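Per UniProt numbering, the sequence shown runs over residues 1 to 305.
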Amino acid sequence: MNNLQPSDLSLLPILEALIAERHISRAAIRLNRSQPAVSHALARLRDLFNDPLLVRGEGGLQPTARALQLVEPLGEALALIRSLVDQPTFDAERCDRHFRLSMSDYGATILLPTLVSQVRQMAPQMNLSIVSYGRERAIAALMDGEIDLAVGVYPVLKQPGGRDLRSALLFEDSFACLFDAEQEGTPISLEHYLTRPHVRVAVALHDDSEVDDALARLGHKRRIAVQVPHWSAAPDLVRGTDLILTAARRSLDHIVPGNLRCSPLPFQLGSFPFVQTWHRRRERDAAHGWLRDAVANAATSRLGT
C-alpha cells in the first residue's frame with residue numbers, strides 16, 4: 001500500500017459500498033454522493049492499494065482477489081469506528097440504513113408481515129431488501145458482507161467455519177408429512193414413506209437436508225421426484241398425486257385441507273432451530289441490533305414463542 005494520509009480514511013466507506021454494490025452509480029446513491037466523486041475516490045483507492053480493486057465483468061464491476069481479501073477486515077474496522085462515533089441513544093425514526101436479509105418464503109411468510117409493519121411504524125426511513133439464498137450461499141454472503149442478516153436453519157453454525165458468526169434462536173419447529181388421503185391412509189408408515197416419490201424443498205440444488213441425513217443414518221434413502229425452491233408451491237404438487245411432502249409443520253398450518261392430510265414422520269427426527277444469524281462485525285452496530293430485535297419481536301408476535 002502507498003502512503004496513507006489521514007484524509008484517506010474517508011475513502012474506506014466508499015470502498016465498502018463499491019464492493020457491496022459492484023456499481024459506481026448504485027454506490028453513489030447509497031452514499032448520497034455524486035458519481036464523479038465516487039469514481040475519483042475509486043481511482044485514489046486503486047493507487048493506495050496498488051490494485052484495480054474492481055474490474056469490469058459480466059453484470060457490472062467485479063471485485064479483484066485483493067478486494068475480496070479486504071471485505072472482512074474493512075467491515076470490522078468500519079463497524080468499530082461507527083460504534084465509537086454513534087450517538088449513545090439510537091434513533092430508529094431517523095435511521096436511513098438499507099439492510100439486506102436472506103430468508104426463504106417459509107420464513108418470509110411467518111416473519112415479514114409483522115417485521116415490515118414494525119419497521120414502517122418505528123423506522124420509516126429504513127429500507128429492507130429480501131433475497132432467498134440457499135444455506136451455503138447465505139453463510140458465504142454474510143461472511144463477504146453481501147447481506148446483513150440471514151434467517152433460517154443453518155447447521156453449519158455448529159462447524160468450525162461458523163466461529164465468526166453469531167446467531168439467536170427465533171423458534172423451534174418440527175417436520176411433518178403432507179400427502180393426499182386418496183392415495184394413502186393416516187398415519188403414514190415407514191414402508192409407504194420409502195416406496196412413494198417425494199417433493200423436496202431446497203433453494204439450492206445441493207443444500208443439506210436433515211430429513212435425508214436422518215434416513216441415511218437408518219440405512220434408507222427416499223426418491224426425490226420433484227425439487228422446488230419455494231415452500232409455498234410445494235403443497236399443491238401433492239394434491240391429487242402420489243407425492244409426499246416432508247416440510248416444517250408451521251409451513252403447513254395454512255393449507256386448505258381438501259383431501260390433504262398431515263401425519264407425523266414415520267421415523268425419529270428431532271425438532272430444528274430456526275435462527276437469525278449475522279457476522280460478528282455487526283455485533284456493535286446499533287441499527288443492526290435494532291433490526292435483530294425487530295426480527296425477534298416479529299417471531300414472538302406471530303408465534304407466541
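No residue lacks a Cβ here, since even glycine has one placed at the ideal position from N, Cα and C.
Since the model is a prediction, treat every value here as computed from it, not as a measurement.
Check                                                                                                                                                                                     : Outcome
Could you tell me which of S104, G240, F272 sits nearest to E182, measuring between CA atoms?                                                                                             : G240
Are the beta-carbon atoms belonging to A123 and E172 less than 8 Å from one another?                                                                                                      : no
When the cut-off is 8 Å and only beta carbons count, does A141 lie next to chain C?                                                                                                       : The structure shown contains no chain C, having only a single protein chain.
Does the distance from the C-beta atom of F175 to that of V238 stay below 8 Å?                                                                                                            : no
Can you check DSSP and say which residues form a bridge with A150?                                                                                                                        : S102, T277
Taking 6 Å as the limit between beta carbons, can you name the residues of its chain near I130, skipping five residues before and five after?                                             : L101
Closer than 8 Å is the cut-off here; do at least three beta carbon pairs connect the segment 243-255 with the segment 216-235?                                                            : yes
Pick from T114, P187, V203: whose alpha carbon is nearest that of V153?                                                                                                                   : V203
If we call anything under 8 Å between Cβ atoms a contact, is E146 one with A20?                                                                                                           : yes
Expressed to the nearest angstrom, what Euclidean distance is found between the alpha-carbon atoms of A296 and D148?                                                                      : 15 Å
Between the beta-carbon of I14 and the beta-carbon of A41, is there less than 8 Å?                                                                                                        : yes
Identify, in the order they occur along the chain, each residue of the same chain with its Cβ nearer than 6 Å to the Cβ of S251, setting aside the five sequence neighbours on each side. : Y106, W231
May I ask you to list the residues that DSSP assigns as paired with P264?                                                                                                                 : A176
Just how far apart, CA to CA, sit S117 and T300?                                                                                                                                          : 14 Å
Evaluate the contact criterion for the segment 72-79 versus the segment 278-295: three or more CB pairs, one atom per stretch, below 8 Å.                                                 : yes
What would DSSP say about I130, mapped onto helix, strand or coil?                                                                                                                        : strand
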